[in-house]
Amino acid sequence: MFGQFESEQFLGAVERTVAAAAEHNVAVGTLATGLDSVERRQEWGVDFIATGTDVGYLRESADQYLDRYHETRE
46 MFGQFESEQF
56 LGAVERTVAA
66 AAEHNVAVGT
76 LATGLDSVER
86 RQEWGVDFIA
96 TGTDVGYLRE
106 SADQYLDRYH
116 ETRE
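For the sequence shown, our numbering begins at 46 and goes up steadily by one.
Below, the structure is given as structure tokens:
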């Protein structure tokens, strides 16, 4: 089941976990590693979603600086 985030088994486990947490007034959070998965995570009914990764944000920022550097060299 590893990595099969759309499988019936995984989605059933998510549904049961979110329901049990709500019953006990416990917040549930998850990680969305890309913009395409944020909407799906919202559908799960979780209380918060961490988006992206530290390394991803650092890479994106470094790419922007590198692009700006190359633009000034042209």
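Every residue, glycine too, gets a C-beta built ideally from N, C-alpha and C.
Give a yes or no on whether the C-beta atoms belonging to valine 83 and alanine 77 are separated by under 7 Å.
-> yes
Give the DSSP-derived three-state secondary structure of alanine 72 in the structure shown.
-> coil
Is the Cβ-Cβ distance between valine 73 and alanine 64 less than 7 Å?
-> no
Note down the Cα distance separating phenylalanine 55 from aspartate 92, rounded to an integer number of angstroms.
-> 19 Å
Thinking C-beta only, is isoleucine 94 closer than 7 Å to threonine 117?
-> no
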